[in-house]
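Each number in our numbering comes from the position in the sequence shown (counting from 1) with 947 added on.
Heads up, the beta-carbon is just placed ideally off N, CA and C, and yes, glycines get one too.
Taking it in order: structure first as structure tokens, then the write-up.
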Amino acid sequence: MYTAPVVDITHTLKQATRLGEDLSAGRMGELSADLLDAIVEEAGKFSSEEVASLLRVGEEHGTPLKDGVVTMPPGWKEIYNQWVEAGWNALTGPEEFGGQGLTTSLSVAAFEMWNSGSLSFGIGPTLTVGAVEALEKHGSDELKATYLAKLVSGEWMGTMNLTEPQAGSDLNALRARAERRDDGTYRVFGQKIFITYGEHDLTDNIIHLVLARLPDAPAGTRGISLFLVPKFLVNEDGSLGARNDLFCSGVEEKLGIHGSPTCTMIYGDGYAGDEPGAIGYLVGEENRGLACMFTMMNNARLLVGIQGVAAAEAAYQHALSYAQERKQGRAIGQTSEGMAAIVEHPDVQRNLATMKALTAATRAICYDCAHALDLARLDEDKAFWANRANLLTPIAKAFSTDVGVEVASIGVQIHGGMGFIEETGAAQFLRDARIAPIYEGTNGIQAIDLVSRKLPLEGSEVVRAYLAELSETIDRVAVSNRSPLQEQAENLRAALTDLTEATDWILASLEAGETNAVLCGATPYLRLFGLASGGVYLARLALAAECHREEDRTAVLSFFAENILSETSALLKIVTKGADSLNALGNILKN
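Next up, the structure:
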């Protein structure tokens, strides 16, 4: 059973980022260090005691669809209602609509715990939080007055509708259409697939944010508009009115996250009302819907990154517990009779250490990205921190979710043959984690975004400033006079040098117009970035470790630096030298 790692979470929040310093200086609004500790503690308790109980029942029951209605697994509605009543959905919501107005950093930490308890549960509120942000920033006053308070509280849930059968990540191919009506509303028609929580019985209304084209819209992504389309229309007094012309036509049978309904949604098929077409309301301006949706998507990408961290943490705890209990073989130097727990064996220890270190590194990356988002709202230099968040978002999303799959797979390996048997539960973490590198922009797309858009920001000054900060942390390690912490400065410096050389090569290649060569190395570059920066974050945690955890955090850093970080030198060669061989084989594969 999952137990929220509250100490690790609060330490990472305060010390891997500037948050601890900012809390002490009173720069985080109403959030204080004591309040942060109390909220994380309570969220951890709720996740460990309540949300985690949903993990297996969601897996076994699924989300059956009958007559257009999805029935959620037993116990889900009750725990969701408790979650809403406790105010967890409103954590970062705008205060004028009933939210608590707290920081993204705190929300991301809480979402780690919800997702570790049950990823199928945590993914639902993820979309609602994104819908709140998009509506707050781009919705009309009338839409905000009608929908925001109930979305903020969680009384209603939100969805994000982008994907269509012919248009996955390529929104240029989007066909859903919208037609204007004289009363200022729109009628929306089309099919959307892979819609998370598109239909369920947790709430009495579901608010869909749908991308569609108007008849006279420009071609491509410049002609996409965003519409709010409720499952039930809302009367002037706030009560629910008629059923809108939309319905769920199917729920996907998936590899994992079986407790999360992934729906095919049909808009405008004459299902309800006198006139075909789902009644929708424009969010933002016509033909500028993608900009509005990206407000929601950027939020979702960070929260998907934290799903990778959450899956890794849950899989690690599960594997550690098994390794401590499972007895097989004799330990090196064992003199007593009987078999030893497999945690005594060096290879199992290596696997567990890899799981622990990678999880800690990705947690720190995601939390620092979240804190940058907070500072983009609260700090005087908003543009600097907005750019920092833009730089870190693809790393947080892609590196963390790749690690989630990697760590969950190692967890299966530690279980041996029993890991391949469903009764141990090890395989569920791997199956659940596997979706995260795919949705909200595949990790390949994140890598393309990183090298082609984020590295050149402000003439590359954004990434240069970040690399300089990493270097400053390594300087602190080098003069720390704490062994074995100080001894890792050389390994950290070597990884940062690899990252810097790769970054220089990419920027020079882009300048020279060698885009294909850059894209060939984009994915290995993203992993190189994640490993090098992740090692430095672990160093920050070790530098700031409380006395009773100093040995633990230094040991994690040392293992990471000596057993994982050397991968960066190989990745540098792939980034800078791998394009020709990839293109040669790629040409063969095309034919």
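Can you grab the Cα-Cα spacing for the pair residue i / residue j, in whole Å?
i	j	result
arginine 1496	glutamine 1271	21 Å
glycine 1481	threonine 1309	7 Å
proline 1011	glycine 1045	33 Å
lysine 1084	serine 1100	17 Å
isoleucine 1342	serine 1399	14 Å
glutamate 1405	alanine 1415	16 Å
aspartate 1221	threonine 1039	39 Å
isoleucine 1395	leucine 1473	9 Å
glutamate 1291	alanine 1278	6 Å
threonine 1211	glycine 1015	11 Å
glutamate 1025	glycine 1358	31 Å
alanine 963	leucine 1417	11 Å
leucine 1053	valine 987	8 Å
aspartate 1192	glutamate 1111	18 Å
isoleucine 1153	glycine 1145	8 Å
leucine 1173	alanine 1287	60 Å
isoleucine 1453	asparagine 1028	49 Å
threonine 1106	glycine 1363	39 Å
alanine 1491	leucine 960	12 Å
alanine 1383	threonine 1018	24 Å
valine 1426	glutamate 1448	24 Å
methionine 948	leucine 1536	46 Å
alanine 1531	threonine 1389	24 Å
valine 1601	leucine 1446	Because the chain spans 948 through 1538 in this model, residue 1601 falls outside it and cannot be assessed.
Hey, could you find the ends of the beta strand (DSSP E) residue i is sitting in?
i	result
alanine 1189	1187-1190
phenylalanine 1179	1179-1181
serine 1480	Note, serine 1480: premise wrong, no beta strand (DSSP E); alpha helix (DSSP H) at 1469-1490.
Grab the span of the alpha helix (DSSP H) containing residue i for me, first residue to last.
i	result
proline 1020	Run containing proline 1020: none; DSSP gives neither H nor E here.
leucine 1066	1066-1085
aspartate 1379	1373-1380
tryptophan 1452	1436-1458
phenylalanine 1331	1329-1341
lysine 1344	Neither: lysine 1344 is in no alpha helix (DSSP H) and is coded neither H nor E.
serine 1505	1497-1510
asparagine 1390	1390-1396
lysine 1520	1514-1524
glycine 1363	Element bounds for glycine 1363: n/a, residue is neither H nor E.
leucine 1404	That residue, leucine 1404, is in no alpha helix (DSSP H); it is neither H nor E in DSSP.
arginine 1003	1001-1008
Counting only beta-carbon separations shorter than 7 Å, does residue i have a partner in chain B?
i	result
leucine 1339	As a matter of chain content, chain B is missing from the structure shown, which is built from one protein chain.
Helix, strand or coil for residue i, going by three-state DSSP, please let me know.
i	result
valine 1295	helix
glycine 1197	strand
valine 1176	strand
isoleucine 1535	helix
leucine 1417	helix
alanine 1288	strand
isoleucine 1204	coil
isoleucine 1279	coil
isoleucine 1253	helix
leucine 983	helix
isoleucine 1026	helix
leucine 1012	strand
isoleucine 1595	Shown here, the chain extends from 948 to 1538; a query on residue 1595 therefore has no answer.
Can you tell me whether residue i sits near the ligand NAD, meaning its C-beta is under 6 Å from at least one heavy atom of the ligand?
i	result
asparagine 1119	Because no ligand of any kind appears in the structure shown, any question about the ligand NAD cannot be addressed here.
Item to check | beta strand (DSSP E) runs contained entirely in the segment 1208-1248, provided each spans 3 or more residues | outcome: Correct list: 1209-1214 and 1225-1230.
Item to check | beta strand (DSSP E) runs wholly inside the segment 1087-1163, at least 3 long, in chain order | outcome: The segment 1087-1163 contains these whole beta strand (DSSP E) runs: 1104-1108, 1124-1127, 1133-1143 and 1153-1160.
Checklist entry - Going along the chain, which unbroken runs of the alpha helix (DSSP H) with 4 or more residues stay wholly within the segment 948-979? => result 953-962 and 966-971
Next on the checklist: Count Cβ pairs between the segment 1237-1251 and the segment 1181-1198 that sit closer than 8 Å; are there 3 or more?
Outcome noted: no
Next on the checklist: Does the segment 1111-1120 come into contact with the segment 1185-1204, if we say contact requires no fewer than three beta-carbon pairs (one atom in each stretch) closer than 8 Å?
Outcome noted: Look at the beta carbons and you see the segment 1111-1120 not touching the segment 1185-1204: under three pairs across the two are nearer than 8 Å.
Item to check | Stretch-stretch touch, CB-based, cutoff 8 Å, three pairs: the segment 1311-1318 with the segment 1469-1489 | outcome: Contact between the segment 1311-1318 and the segment 1469-1489 is present, because at least three Cβ pairs lie under 8 Å.
Next on the checklist: Taking contact to mean 3 or more Cβ pairs, one atom from each stretch, closer than 8 Å, check whether the segment 1161-1175 and the segment 1335-1349 are in contact.
Outcome noted: The segment 1161-1175 vs the segment 1335-1349: no contact.
Checklist entry - Can you find at least 3 beta carbon pairs, one from the segment 1091-1108 and one from the segment 1064-1075, that sit closer than 8 Å? => result yes
Next on the checklist: Check whether the segment 1434-1442 and the segment 1512-1529 are in contact - that is, three or more C-beta pairs closer than 8 Å.
Outcome noted: They touch, by the three-pair rule.
Checklist entry - At a cut of 8 Å, does the segment 1116-1130 reach the segment 1155-1164 through at least three beta carbon pairs? => result yes
Item to check | the segment 967-974 in contact with the segment 998-1009 per 3-pair CB rule at 8 Å | outcome: no
Next on the checklist: If contact is defined by three or more beta carbon pairs under 8 Å, each pair taking one atom from either stretch, is the segment 1364-1377 in contact with the segment 1321-1335?
Outcome noted: No, the segment 1321-1335 is not in contact with the segment 1364-1377.
Checklist entry - When the Cβ atoms of the segment 1222-1242 are set against those of the segment 1252-1264, are three or more pairs found closer than 8 Å? => result no
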